[in-house]
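The numbering used here puts the first residue of the sequence shown at -5, with every later residue one more than the last. Here a beta-carbon is modelled for each residue, glycine too, at the ideal position from N, C-alpha and C. Values in this document were obtained by computation on a predicted structure and should not be read as measured data. Data first, discussion second: the structure below is written as structure tokens.
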Amino acid sequence: MISSVQTVAVNILVTAGPTREPIDPVRYIGNRSSGKMGYEIAAAFAREGNTVLLVSGPTSLDVPDGVDFLPVETADEMYGAVASHIGRMQVAVFAAAVADYKPSMAAKEKIKKSANTLALELVRTPDILGSCRSRHGFSGTLVGFAAETENLIANAREKLTRKQCDLIIANDVSMPGIGFESDQNEVSLVYPDRIDQLPLASKHDLAHQLVRAILMLHAEKNAVND
Ligand code: C5P
């Protein structure tokens, strides 16, 4: 039984916020992520004395105290930032809402309106979380999010296995008042062997609980590996 969660500072990477995929110099494909959950998690890790790098897409939030900050815009930039830094991390938490598709080419000049329809060809962006184990050989504690509108737990379990995570934080974004753009959230923690359901809480309080759970998981994993 592990009673104290941690004794030394842990190197932690957190991704947060949306990505923006340019269509032309003035337009982009984005999403409704505010970045609040990821920023609260980064802040809570820092308050517990850890070394935190926050890689974030564009948000209106202040950078939390005591956190190193690396701003990015696109999924490709976020992938590059994670690839550069994941090697020295012991824990990585992927809270960013990364665009799954980007325009195959961003127009150099502003697209003028002419025809009644305009077709955009979209191509897949890199799966940043999914590349950590397979491409970067990351062996630390790996945590992802699953924001779903249906089949929450089944989808979270599928992500846990496919992206080789230790934990997926599952979030039903179809429920009014929680998740995207809200100050509150209600999540389930999906581990390989169990599920813990946390009650509705402010993102601030929830971040504290999530950080305790992640550091506990990290300590357990290291105890097994020692
Ligand atoms: O597959 P899906 O996008 O639902 O997976 C969600 C999890 O994967 C989140 O933790 C998200 O930050 C991460 N992700 C990523 N790169 C992508 C897509 C998702 O890191 N291109």
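Asked, Found
"Every unbroken alpha helix (DSSP H) inside the region 135 to 187 [4 residues or more]", "146 to 156"
"One or two residues paired with Ala91 in a DSSP bridge", "Pro12"
"Pairwise C-alpha distance: Val57 and Arg14", "19 Å"
"Secondary structure of Leu123, DSSP reduced to three states", "helix"
"Whole-Å CB distance - Gly51 paired with Glu34, under 8 Å assumed", "Contact doesn't hold; Cβ gap of about 16 Å is too wide."
"Three-way DSSP call (helix, strand, coil) for Leu116 in this model", "strand"
"CB of Ile80 within 8 Å of CB of Phe139, strictly", "no"
"Supposed close pair Ala40, Val61 - CB separation, criterion 8 Å", "5 Å"
"Contact test: Thr53 Cβ vs the ligand C5P heavy atom, cutoff 7 Å", "no"
"beta-carbon Thr135 near the ligand C5P non-hydrogen atom, thresh 7 Å", "no"
"Three or more C-beta pairs below 8 Å linking the region 158 to 168 and the region 177 to 192", "yes"
"Contact shell at 7 Å, judged by CB to any heavy atom of the ligand C5P, ordered along the chain", "Thr9, Ala69, Phe88, Ala89, Ala90, Ala91, Val92, Asp94, Thr119, Pro120, Asp121, Ile122, Leu123, Gly124, Gly138, Phe139, Ala140, Ala141, Lys153 and Lys157"
"Buried versus exposed, by CB contacts within 10 Å (16 or more), Gln191", "exposed"
"Arg21: first and last residue of the uninterrupted alpha helix (DSSP H) it sits in", "From DSSP, Arg21 is part of no alpha helix (DSSP H) but of the beta strand (DSSP E) over Arg21 to Ile23."
"For Lys106, three-class secondary structure by DSSP", "coil"
"Cβ contact (3+ pairs, closer than 8 Å) linking the region 135 to 155 and the region 109 to 118", "no"
"Given Val117 as reference, the closest of Thr135, Ala69, Pro186 and Val46 once Cα atoms are compared", "Ala69"
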